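The next block holds one structure in the form of structure tokens; read it before the comments.
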Amino acid sequence: MLIEKKQKIKGLTLIETLVAIAIFAIGMVGFSTLFVNAWRNNAYTIEMGQSNLVISQGISKMAGYIRKARQGDDGSYPIKSAGSNDLIIYSDYNEDGITERLHFYYANGTIFMGIATPTGTMPKIYPANDQQVIVIATKIVNTTSEPIFYYFNKNYPGDTANNPVSIPVDISTVRLVEIHLKININPNRAPDNIEMQSFVEIRNLNDYDHIQ
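6 is the number of the first residue of the sequence shown in the numbering used here; add one for each residue after it.
Right under this line is the structure:
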């Protein structure tokens, strides 16, 4: 006589099912959060890198204009004025043989360059104000106590006690200009700023002869 044995199959209870679903949901939320944060951080890093590249190119151009500063076509000294966040020089902006007046200044997180071209024959005359303004760099976060420009005389780096020179600057003593920028595309996301510095020697004001 065969006796059938019925095996009782035990499944998940409703509570166990709900707990499993909750654990799975928590895991998915954690994974999604991790993925989104990683994506945001990666996107921010790429964006910051691209912004820094653009700013670096802008600084390089500005340094080139300052390096080649020369006497204005009206006979003006190569440097017209030099302030903490404002610098006016004479330089051949577009390499056409004409010396433009270039006005670098910082306002609302942006560095601008104003351009003025002389008119007339002899003597040539520069307009009172900038004729054209272009953007050199954005996302700049220097505060009022963190100047864009620093100036050094011919005794630097031997003389650090008197350099950088104090404001207001005696433009006749300036031989070297430091551009110092702090950059942050979103201070709320990254409280630490990236700093860029560039030291520029004004060739036509160099007190020493260079042997090439």
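A virtual CB, placed ideally from N, CA and C, is assigned to each residue, including glycine. Note that the structure is a prediction, hence the values are computed from the model and not measured.
Quick one: Cα of residue i to Cα of residue j, how far?
i, j, result
"residue 138", "residue 120", "6 Å"
"residue 80", "residue 73", "16 Å"
"residue 215", "residue 206", "Note that residue 215 has pLDDT 43, beneath the 50 cutoff, so the model's placement of it is unreliable and the number below is only indicative. Approximately 13 Å between the Cα atoms of the pair."
"residue 211", "residue 197", "37 Å"
"residue 217", "residue 209", "Below a pLDDT of 50, predicted positions are generally treated as unreliable, and residue 217, at 37, falls in that range; the measurement from the model is reported next regardless. Between residue 217 and residue 209, the C-alpha separation is close to 15 Å."
"residue 141", "residue 113", "13 Å"
"residue 71", "residue 95", "8 Å"
"residue 165", "residue 134", "36 Å"
"residue 246", "residue 93", "A question about residue 246 goes unanswered here, because the residues of the chain that appear run from 6 up to 217."
"residue 199", "residue 117", "20 Å"
"residue 204", "residue 63", "14 Å"
"residue 18", "residue 192", "51 Å"
"residue 75", "residue 85", "11 Å"
"residue 126", "residue 136", "19 Å"
"residue 91", "residue 182", "12 Å"
Closest to residue i by CA distance: which of the options is it?
i, options, result
"residue 202", "31, 67, 26 and 28", "67"
"residue 97", "106, 155, 81 and 91", "106"
"residue 180", "115, 158 and 165", "158"
"residue 178", "127, 184, 160 and 117", "160"
"residue 99", "69, 61, 60 and 127", "69"
Within this structure, are the beta carbons of residue i and residue j separated by less than 8 Å?
i, j, result
"residue 151", "residue 129", "no"
"residue 145", "residue 111", "yes"
"residue 153", "residue 89", "yes"
"residue 103", "residue 123", "yes"
"residue 173", "residue 156", "no"
"residue 184", "residue 87", "no"
"residue 148", "residue 115", "no"
At what residues does the beta strand (DSSP E) containing residue i begin and finish?
i, result
"residue 187", "181-188"
"residue 100", "Careful: residue 100 lies outside any beta strand (DSSP E) and carries neither H nor E."
"residue 156", "154-157"
So who's on the other strand from residue i, going by DSSP bridges?
i, result
"residue 137", "120"
"residue 111", "116"
"residue 92", "87 and 109"
"residue 202", "185"
"residue 142", "116"
"residue 26", "According to DSSP, which records beta bridges pairwise, residue 26 is partnered with nothing at all."
"residue 130", "124"
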